[in-house]
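K.L.:
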Amino acid sequence: MAALFSFRKSVPAAAAPPQEVPAPLGTIRVGMGQLLVEGGEPARNLARAVEQIAQAAAQKCDLVLLPETLDFAWTHPSALYEAQPIPGPFSDMLCQAAAKHRLYVCAGLTERAADGRNYNAAILIDPQGEIVVKYHKINLLSVEQPFYAVGQTLNVVDTPLGKIGVNVCADNYLDGLPIGHTLARMGAEFIIAPASWTVDYSITEENDPYQEKWVKPFSILAKLYNVVVVSTTSVGYIVGGPYEGKKSVGCSLAVDAHGVQAQGTFNEFAGELVVADLHRPHRPERGTDIGLMLQRKGYRFDQLP
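Numbering (full-length UniProt numbering), first residue to last: 1 to 305.
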């Protein structure tokens, strides 16, 4: 099988030290909540989200990751005039569920900010029900730019589970990988991403387009930095907005330096909780030591790919 990516060697191959992945620091149990998200139906969507949080707790998950813009659905026109602030009524429901079941929850919501603009937001909630990260998507697709403003910050938070960085969906496209690179340079051990992966209505499991689109960029980050990348996507047909008629088909992913560790069912009807026990990676390098580590792997900073 061909390698997903290659590097120019900075030293002769015979002199290069063997590259070993450091021993992990333990494991965490993550629930990837492939959620049916209906356009313009926040009450029903949030009720399903709360139910999946309860399912994750029943299966002893430490963290449950839910999809992007699970309130109104991605680019649904109703979000333009019905989006809520964060904190606000929608985020409060998720915070209450996290506190009730004593686990971390990461979810995508539409945020109406104080300046009147909407953002494609992701929040990480701790087991006490407090929002510890709020992130706004940066790598917005052209079709979603009329709906959301571009985010301007990145954050990594220390938790008992490990150092967690949050981004959203297309932030992990190949052209958006600098966002993941930055989270890794900030020390993230886990990069978690609510998503809404969409395909044309005619795509079936036999035509899985996700290897190049998602497994490849996740693997690049995982292998370069020894991080774990986890993304959960919604399921169901898209109603309203520029992608009406397309569908979300699941196939949520968890990828580490050794490869794909968990994957959801590829199907527009595959609303399910995928539970994965993931190793917490040991990442001792900080600052410029990360650059030296990348150089040892043959990564070149002074040349275009």
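C-beta: ideal position from N, C-alpha, C; glycine also.
May I ask which residues mark the beginning and end of the beta strand (DSSP E) holding Glu111?
P.N.:
Looking at the DSSP string, the run of the beta strand (DSSP E) that includes Glu111 is 104-112.
K.L.:
Helix, strand or coil, according to DSSP, for Glu130 in the structure here?
P.N.:
Glu130: coil per DSSP, three-state reduction.
K.L.:
Where Thr232 and Trp197 are concerned, what is the direct C-alpha to C-alpha distance, given to the nearest angstrom?
P.N.:
So the alpha carbons of these two residues sit roughly 9 angstroms apart.
K.L.:
At what residues does the alpha helix (DSSP H) containing Ser196 begin and finish?
P.N.:
First-last for Ser196: undefined, no H or E at that position.
K.L.:
Taking the C-alpha atoms as reference points, what is the distance between Asp92 and Gln211?
P.N.:
For Asp92 and Gln211, the distance between alpha carbons rounds to 36 angstroms.
K.L.:
Alpha carbon to alpha carbon, what distance is there between Ala188 and Cys169?
P.N.:
Using only the alpha carbons, I get a separation of about 17 angstroms.
K.L.:
With a 10 Å radius around its C-beta and 16 neighbouring C-beta atoms as the bar for buried, classify Gly259 as buried or exposed.
P.N.:
Answer is exposed; the Cβ neighbour count stays below 16.
K.L.:
Whole angstroms are fine: how far does the CA of Pro77 sit from the CA of Gly245?
P.N.:
Straight-line Cα distance between these residues: approximately 15 angstroms.
K.L.:
Work out the CA separation of Leu278 and Lys297 for me, nearest whole Å.
P.N.:
The straight-line gap from Cα to Cα measures roughly 24 angstroms.
K.L.:
Mapping DSSP to helix, strand and coil, what is Glu272?
P.N.:
If DSSP states are grouped into helix, strand and coil, Glu272 belongs with the strands.
K.L.:
I'd like to confirm the pairing. Which residues does DSSP put opposite Ser231 in its beta bridges?
P.N.:
Answer by DSSP bridge pairing, in chain order: Ala193, Leu253.
K.L.:
Among the residues of its own chain, which have a CB less than 7 angstroms from the CB of Leu103, if the five just before and after it don't count?
P.N.:
Ala56, Ala57, Cys61, Asp62, Leu63, Val64, Pro127.
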